[in-house]
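This report refers to the structure that appears directly beneath it.
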Amino acid sequence: MKIKKTAIIISLLFLPYYCFAASYFSYVTDIERLSGKNWRYSFILEYWKVSPYDVNPCKTDLPGYKCYLSINHLHSLPNKGGSGRVKSTPWKCDIDFSDYSSLSDVYSDAVNLCGLRLPFQGTTEHHGEIQADECIGFFLNKSKSAAYGIMVSNGICGIAPPPTGKCYFAGSGRMEIDHGLLSDIDVDGDFQSSTFEVICNQPMTLKIRSNMDGPVLNLRPDGSIGSEIKINNIAANIGSTIRLKANDRRIVNITSKLITSNSGILPPGKFSGVVTLVLTIP
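Under the UniProt record's numbering, the letters of the sequence shown match residues 1 to 282, in that order.
Written out as structure tokens, the structure reads:
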């Protein structure tokens, strides 16, 4: 019995700015110059993982103030968001979250009362000089205007590539690891690899990691086949740190090792998965 040709698609996206122990994950998909110093960023805010044990960030980041939630772009260091104009703020919530006890309560009402839906795909605009590694994330604001808020810091926030950013993945931004046509007895343990290059226009220390929340990527809805994805021999959900000189090209190795469950004989057919790799500042 043969398992049909398989592929794991690796999406290579742009440099994230903030923490790499993330509860939310966003990245820029396109950048467009509007005029002069004005830019439009297209982005996807993929997920926001919260638990009842996460403290409401309003209590730690904006204590004593009213606290409203919005999606915006990082405008200036260390954590200041853009203006509250409609084109800069693709989503906002007019609920004062300052007295909520947990982040999960905040998230629940953001979804149920303010219409937040993830993944969220949208655009935001920057006007003026570039002052920071611009990226998109959640922001806490003192007023409903959603202007110049404070970024919720426990997330991976993907910035734009050059000319506004410093580092990028060389090539098309997409690669494929192909396991080919396999017999059912050959699936478990099958190993394939590929490489890509990272370039920075100034000396940088970076961490490359994935959007996976564990070491194994599920390749079938029933969970019968998975892939252990590694970057430079380190689990992709943890990530590998690299150091680059200015304008140096660094080759990065990515591998896929197939893992099957103990549920018996594998039914024939295709299996596939998609992983997003990003660069973070450790």
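For every residue, glycine included, the Cβ atom is placed at its ideal position computed from N, Cα and C.
Quick caveat: nothing in here was measured; it's all calculated off a predicted structure.
Reducing DSSP to helix, strand and coil, say where K87 ends up. Taking the sequence shown and counting its residues from 1, one reaches residue 87 at position 87. In this structure, K87 counts as coil in the three-state DSSP scheme.
Sort out for me which residues DSSP pairs residue 289 with in a bridge. The displayed coordinates of the chain run from 1 to 282. Any statement about residue 289 would go beyond what the structure contains.
Could you tell me the alpha carbon to alpha carbon distance between D248 and I199, rounded to whole angstroms? Looking up residue 248 in the sequence shown gives position 248. Looking up residue 199 in the sequence shown gives position 199. For the pair D248 and I199, the Cα-to-Cα distance works out to about 6 Å.
At what residue ranges does the segment 149-226 contain a whole run of the alpha helix (DSSP H), taking only runs of 4 or more? If we require 4 residues or more, the alpha helix (DSSP H) runs fully inside the segment 149-226 come out as 184-187.
For N112, which three-state DSSP category applies? The residue given as residue 112 occupies position 112 in the sequence shown. DSSP places N112 in the helix class (H, G or I) of the three-state scheme.
Where V55 and S224 are concerned, what is the direct C-alpha to C-alpha distance, given to the nearest angstrom? As a working mapping, residue 55 is identified with position 55 in the sequence shown. As a working mapping, residue 224 is identified with position 224 in the sequence shown. The straight-line gap from Cα to Cα measures roughly 36 Å.
Assign V28 to one of three DSSP states: helix, strand, or coil. In the sequence shown, residue 28 corresponds to position 28, counting from 1. Three-state DSSP puts V28 in a strand.
Do G214 and N237 have their C-beta atoms within less than 7 Å of each other? In the sequence shown, the residue the question calls residue 214 occupies position 214. In the sequence shown, the residue the question calls residue 237 occupies position 237. In this structure, N237 lies closer than 7 Å to G214 by Cβ.
Do I259 and R250 have their C-beta atoms closer together than 7 Å? Here residue 259 refers to the residue found at position 259 of the sequence shown. Here residue 250 refers to the residue found at position 250 of the sequence shown. No, Cβ-Cβ distance for I259 and R250 is not below 7 Å.
Would you mind giving the Cβ-Cβ distance between L69 and L140, rounded to the nearest angstrom? I have them listed as a contact below 8 Å. If you number the sequence shown from 1, residue 69 lands on position 69. If you number the sequence shown from 1, residue 140 lands on position 140. About 7 Å; that satisfies the 8 Å criterion.
C-beta atoms of K144 and D94 nearer than 7 Å: As a first step, residue 144 must be located in the sequence shown, where it is residue number 144. As a first step, residue 94 must be located in the sequence shown, where it is residue number 94. In contact: K144 and D94 (Cβ atoms closer than 7 Å).
Would you give the residue range spanned by the beta strand (DSSP E) that K59 belongs to? Locating residue 59 in the sequence shown gives position 59, counting from the first residue. That residue, K59, is in no beta strand (DSSP E); its alpha helix (DSSP H) goes 57-61.
Taking the C-alpha atoms as reference points, what is the distance between Y65 and S42? By one-based count along the sequence shown, residue 65 stands at place 65. By one-based count along the sequence shown, residue 42 stands at place 42. Here the C-alpha atom of Y65 lies approximately 31 Å from the C-alpha atom of S42.
Do Y53 and V278 count as a contact pair if the criterion is CB distance below 7 Å? Position 278 of the sequence shown, counting from 1, holds the residue named residue 278. Position 53 of the sequence shown, counting from 1, holds the residue named residue 53. Taking 7 Å as the Cβ cut-off, V278 and Y53 do not qualify as a contacting pair.
In DSSP terms, what E228 is bridged to: Position 228 of the sequence shown, counted from the start, is the residue given in the question as residue 228. BP columns for E228 point to V216, K257.
Buried versus exposed call for V274 [16 or more other C-beta atoms within 10 Å across all chains shown]: Translated into positions along the sequence shown, residue 274 becomes position 274. So V274 ends up on the exposed side.
State the start and end residues of the unbroken beta strand (DSSP E) segment that holds G273. Indexing the sequence shown from 1 puts residue 273 at position 273. Annotation: the continuous beta strand (DSSP E) that includes G273 extends over 272-280.
Under a Cβ-count criterion, where at least 16 other Cβ atoms within 10 Å of its own Cβ denotes burial, should P57 be classed as buried or exposed? Indexing the sequence shown from 1 puts residue 57 at position 57. Its Cβ being crowded by 16 or more others within 10 Å, P57 is buried.
Apply the 10 Å Cβ neighbour rule to A21 and answer buried if 16 or more other Cβ atoms are within range, or exposed otherwise. Here residue 21 refers to the residue found at position 21 of the sequence shown. Bear in mind that a pLDDT of 38 at A21, under 50, signals an unreliable position, so the model cannot answer this.
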